[in-house]
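Colleague: Numbering (the working numbering), first residue to last: 2 to 136.
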């Protein structure tokens, strides 16, 4: 005797687990990808230049804020500590160039004085950063 094969019911509900997993993976990816560049502690508006070329991402950045504060890398430091910090960085990275990002409101003589102190510390390759746009 042959038994009848029961009919399969069509499944009407949608399995949401794969979609939720995918959404969480995307969330984690964008959270990690969004934090790769450290935020600047000092909001600096560099001068504009029509001849600006993309900056080399290697090397460290010396920040000069509009109020005269100086930052190196990610930390603020007194100007008296600048030569020792630069000398330490120079020992670790002898071939890298230093990038200087000064606010457009900073007096040019202040920037020149800091550049002279960098030269006295043994830094030969310095790049001044500017934003692309009309001056």
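Positions of the beta carbon are idealized from the N, C-alpha and C atoms, including for glycine.
1. Assuming residue 77 contacts residue 70 under a Cβ cut-off of 8 Å, what Cβ separation, rounded to an integer in Å, is found between them?
2. Using a Cβ-Cβ cutoff of less than 6 Å, which residues in the same chain neighbour residue 87 once the five nearest sequence positions on both sides are dropped?
3. Closest to residue 119 by C-alpha separation, out of 84, 32, 30, would be which residue?
4. Residue 102 bridges to which residues according to DSSP?
5. Using three-state DSSP, classify residue 93 as helix, strand or coil.
6. Out of curiosity, what's the CA-to-CA distance linking residue 67 and residue 125?
Modeller: Let's see:
1. For a cut-off of 8 Å, the C-beta gap from residue 77 to residue 70 is around 6 Å, short enough to register as a contact.
2. The residues 122, in chain order, have a CB closer than 6 Å to that of residue 87 in the same chain once the five nearest residues on each side in sequence are set aside.
3. Of 84, 32, 30, the residue nearest in Cα terms is 84.
4. Beta-bridge pairing links residue 102 to 64.
5. DSSP places residue 93 in helix when its eight states are reduced to three.
6. Each residue's alpha carbon lies about 25 Å from the other.
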